[in-house]
Amino acid sequence: MTGGAAGGIPGGEPGAAAGATDAAVATAAAGATASAGATASAAIETHELRKEFGRIVALAGLTMRVPRGEVFGFLGPNGAGKTTAVKLLLGLSRPTTGAGSVMGAPLGDVAVRRRIGYLPELFRYQGWMTAREVLALHCELARLPRAEWKPEIAAALELVGLADRADGRTDTYSKGMQQRLGLAVALLGRPELVVLDEPTSALDPVGRQDVRRIIGSLRDRGTTVFLNSHLLTEVERVCDRVAIVDRGRVVAELAMSELTRGHGVSIRVTGLTGAERDLAGRYGPARLDGEWLIVDGITDAAVPDLVAALVAKGVAIHAVVPTRQTLEDRFLALLGADPAEGRGAIDTEGAADSGGPTGSSEAIPVRAPR
Amino acid sequence: MSTVGSIFIVARLTLREALRRRLLWALAGLTVLIVVLTWWGFGRVAEASPITGPTETLGISQVTVMLAFMFSFVLAMTAVFAGSPAIGPDIESGLLLAVLARPIRRSDVLLGRWLGLAIVLVAYALAAGYLELAAVVVATGYVPSDPLAAPIYLAGEALILLTLAIVLSTRIASVAGGAVAVVAYGLAWMAGVLGGVGEAFGSDVLRGAGVVARLILPSDVMWRGSAGALSPTDSVLTAGGVNAYLYRFSPFSGAAPSPEWTLWCVVWVVGMLALGILLLRSREL
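These protein sequences, in sequence, are chains A and B. According to the working numbering, the first sequence holds residues 307 to 676 in order. According to the working numbering, the second sequence holds residues 8 to 292 in order.
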């Protein structure tokens, strides 16, 4: 997928991402204007959506609102009803009770699917076809004008890094390649909403990074992305907002900016006495863990003052690391789970494959406050 | 694009799949083989017993009907094994998820699959049927009572079984669905034989059982139409000392279906497709 790093998302010109993005945004805007009333509505809105399979309640009453143009993370432990919710949103399943709308159309509306791209969790494509043929089929199914097929397909293949394997049968593809193909399928036709159900489950770290980049491109052109994942670090890096669902209900909805705000500082010190510790205590609850002085609740702006005060008192400072609450922390707190057990549902795989807002806290042998 | 447009997209996809998976080539190869064998075999029969009168004609006609029966069996199996994996495996593998997330209805998928496979089966039935009949005529000189109609009835039988298999595939695993369809086909044929016996011997119970079986699965209506079309004309039968009326009720004979039965076959196919759509719509993906 790295081959497509410089390319725009399908609908744009590879290698000329900025101009293409403008054009795509203009097209999306024109489409949005055409559907009067839809502009004001959320991309996704559900009210007490409930789904039962016999006696099993998969969704107990999902109420949420996904604003247009945001990358929205949909999180939850295994069996929380995430994939069921996605199927309801796409009209692949019918709710037992409740209502909702997607891009201004009621759930189950067939025509609105023209404006939606979808990568299923269980991605599988016609094994007897080549990737190029699969994409052509989806161009046809999505009712794209035939003149657009070729550039759309070429851009999608380039973007997901399958351009050099485009004419190979998909049953010869690895799982990761099939998932890349699924992503290409989801991006065809400049969809206004892209629903990605566990989009990196079969990808290596490089592939995951590329997916993050693609999601970023989608956000830049104003596309709403609904990301269903239990890879918290992935969600943390790309989402503007997340909803955490448990036992079929949204238990929390929060903006990532709120989550990643500083929650304290860890300072590696030597020569610290009780007096200096008391000094640190003026900025917030302070404690010592080995060589690390941890001050909770201190604002980012006050950190330089604290450091200067400690230095003035003769304390040697070796490292200053802001501590932040991670999504995982919040997730586990909300679900009432023991972090050590992790409820078997949290996958923090990929935490070390790049930096990011929480990357710095990995050096600190302490947990952030909850 | 309309629903019809969506159906044609899926039908074309199904045809391409049949071509790519070499189903069409396999059927074409088998057809050539069977036609050559038919021509050779019937040539030997004609050599041993050339048609000089009604008795020989009757003999050749019986062998022809037997050949048609074997061909109808092959067609039935082809229909069942093409139709039974048409929907279910695509649901189980997740392949349909990506397709149905597009502006296309489940009914379009089912009807498109049916249409694509129906085109394959009808083309195969007509091409192979007429070629085999041509081989029989060339090798023996025997011309059945209605040679043009026989392959059409066989194609009708294949469509009925294809419909059954596809409807089953919406809810039952392909192997199980295929087995059910094959057993149902066999039972329908046997019920047709019993119904014929009931007609011949005036048994209302057997006649009624035959009618009920045909109502449930009318594949035997089409088979009997084909067998009747391949039988000699009544004048040949009478000249051969055969009661033409009773002959129609033998297991390897028959008569063209009445307009009512023909209509029922059409209604049955349409009704079953509607049932299949309902079953598919209510299935959780």
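Built from N, CA and C at the ideal position, the CB exists for glycine as well.
With a threshold of 16 other beta carbon atoms within 10 Å, Leu524 of chain A meets it and is buried.
Chain-ordered, the chain B residues with CB closer than 9 Å to the CB of Ala448 of chain A read Arg109, Pro110. Here Leu282 of chain B is not bridged, per DSSP, to any residue. In the DSSP assignment, Trp598 of chain A forms a beta bridge with A:Arg574, A:Asp595. With contacts defined by Cβ atoms closer than 9 Å, Arg636 of chain A and Ile550 of chain A form a contacting pair. Of A:Gly580, A:Leu633, A:Gly482, the smallest CA-CA separation from Val512 of chain A is found for A:Gly482. In the same chain as Ala135 of chain B, and ignoring 5 residues on each side of it, the C-beta atoms closer than 6 Å to its own belong to Thr38, in chain order. Against chain B, a Cβ distance below 9 Å from Gln484 of chain A picks out nothing, because the smallest value is about 11 Å. Out of B:Leu128, B:Ala157, B:Trp121, B:Gly12, the CA that lies nearest to the CA of Trp32 of chain B is found in B:Leu128. Note on Tyr160 of chain B: 16 or more other CB atoms within 10 angstroms of its CB, so buried under the neighbour-count rule. Note on geometry: alpha-carbon atoms of Arg452 of chain A and His353 of chain A lie some 38 Å from one another. Note that the C-beta distance between Glu498 of chain A and Met370 of chain A is not below 9 Å. Straight-line measurement puts the Cα of Ala448 of chain A at about 12 Å from the Cα of Gly12 of chain B. Within the segment 442-467 of chain A, contact with chain B at the beta-carbon level (separation under 9 Å) is assigned to Leu443, His444, Glu446, Leu447, Ala448, Arg449. Interface flag for Val106 of chain B against chain A is set, since a Cβ pair is found closer than 9 Å. Taking Ala75 of chain B as reference, the option from B:Thr269, B:Pro266, B:Arg231 with the minimal CA-CA separation is B:Arg231. Excluding its 5 nearest sequence neighbours in each direction, Leu292 of chain B has C-beta neighbours in its own chain below 8 Å: Ile98, Leu103, Leu104, Leu107, listed in chain order. Residue pairing by DSSP places Tyr424 of chain A opposite A:Val501 in a beta bridge. Taking each of A:Leu537, A:Trp598, A:Ala625 in turn and checking the Cα distance to Glu634 of chain A, the smallest one comes out for A:Leu537. By the Cβ rule, the segment 457-470 of chain A does not count as touching the segment 131-146 of chain B, because fewer than three pairs are nearer than 8 Å. DSSP places Ser407 of chain A within a strand segment (E or B) once states are collapsed to three. When rounded, the separation of the alpha-carbon atoms in Ile126 of chain B and Thr85 of chain B is 13 Å. Unbroken alpha helix (DSSP H) stretches of 4 residues or longer found wholly inside the segment 516-545 of chain A: 538-544, given in chain order. The C-beta of Pro505 of chain A comes no closer than 9 Å to any C-beta of chain B. Contact between Gly406 of chain A and Glu351 of chain A holds: CB atoms are separated by about 6 Å, below the 8 Å threshold. If you check each beta-carbon in the segment 72-104 of chain B against every beta-carbon of chain A, the ones closer than 7 Å belong to Ser100, Gly101, Leu102, Leu104. For Lys393 of chain A, the nearest beta carbon of chain B is closer than 9 Å to its own beta carbon.
In the three-state DSSP reduction, Phe76 of chain B falls in the helix class (H, G or I). Annotation: the continuous beta strand (DSSP E) that includes Thr352 of chain A extends over 350-359.
Secondary structure at Arg636 of chain A: helix, using DSSP grouped into helix, strand and coil. In this structure, Leu166 of chain B keeps its C-beta atom at 9 Å or more from the C-beta atom of Ala188 of chain B. DSSP, read as helix, strand or coil, puts Ile111 of chain B in coil. Sequence-distant partners of Thr62 of chain B (beyond 5 residues in either direction) whose C-beta falls short of 6 Å from its own C-beta, in its chain, are Gly247. With respect to the 9 Å criterion, Ala180 of chain B and Gly95 of chain B are classified as neighbours on the basis of their beta carbons.
When DSSP states are grouped into helix, strand and coil, Thr436 of chain A belongs to the strand group. DSSP, reduced to helix, strand and coil, places Asp510 of chain A outside both helices and strands of the structure shown, so it counts as coil.
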